[in-house]
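Heads up: the structure comes next, in structure tokens.
Residue numbers (my numbering): 83 to 300.
Given below as structure tokens:
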């Protein structure tokens, strides 16, 4: 989960900044394409990655490996956790881009123009103006994604089944495995309680943050 959050925030900020700073033909289409994975069902997205991209025989990555004379890799078998991180990041990065891009559009353009007149370059403007402006939107992204990433299940169930062993098992899949496969109701209940506590903590922080933001704006 931490890796997905890091990828979402870092690449979300960079991609949003590039799209906001660049003027090119078809920018609107690029924005739609970048956001579109967020609206694909998790099971469908996982099947796309499993059968079209990660497949060791007929996948796109296998074709690229063969093109360069290398031995194709069975990603889901040898790098299960990395594969899950890539799939979930692909699904949630568009959400971060959407939130951060909207926040960047609300940045006062007069401040940026004044900074340019004072001799500030693009990197200085981004570091001293844009990034501080994105502090709260980034926090909102982290909190919301934390809540939803706790319940990631379909991607794991569809691709790796939590394996090999417990290599790609998260809390949600562990609860399912203990309750419906191992029939260990006690362990499943304990895992569910932990998930509820973590989700409530993140939700409380998010609500307080949004409430503080609304108070400051009023």
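We put the beta carbon where it would ideally sit given N, CA and C, even for glycine.
Because the structure is a prediction, the values reported are computed rather than measured.
- Between residue 222 and the set 284, 241, 167, 232, the nearest pair of CA atoms involves 284.
- Taking 8 Å as the cut-off, the beta carbon of residue 162 is found no closer than this to the beta carbon of residue 233.
- Spanning the alpha carbons of residue 174 and residue 158 requires a straight line of approximately 20 Å.
- Per DSSP, residue 105 is not a residue of any alpha helix (DSSP H), being assigned neither H nor E.
- Of the residues 96, 201, 215, the one whose Cα lies closest to the Cα of residue 188 is 215.
- For residue 135, the closest of 118, 154, 122, 117 by C-alpha to C-alpha distance is 154.
- Judged by beta-carbon spacing, residue 90 lies within the 8 Å limit of residue 171, meaning their Cβ atoms are closer than that value.
- If you draw a 10 Å sphere on the C-beta of residue 264, you find fewer than 16 other C-beta atoms in it, and that means exposed.
- Less than 8 Å separates the beta-carbon of residue 238 from that of residue 255.
- The alpha helix (DSSP H) runs lying completely inside the region 234 to 263 and spanning 4 residues or more are 236 to 241, 253 to 258, given in chain order.
- With contacts defined by Cβ atoms closer than 8 Å, residue 274 and residue 286 do not form a contacting pair.
- Where residue 188 is concerned, there is no enclosing alpha helix (DSSP H), because DSSP gives it neither an H nor an E.
- Linking residue 164 to residue 129 through their CA atoms gives a straight-line distance of about 16 Å.
- The DSSP assignment places no complete run of the beta strand (DSSP E) inside the region 134 to 215 (cut-off: 3 residues).
- With 16 or more other CB atoms across the displayed protein chains lying within 10 angstroms of its CB, residue 212 is buried.
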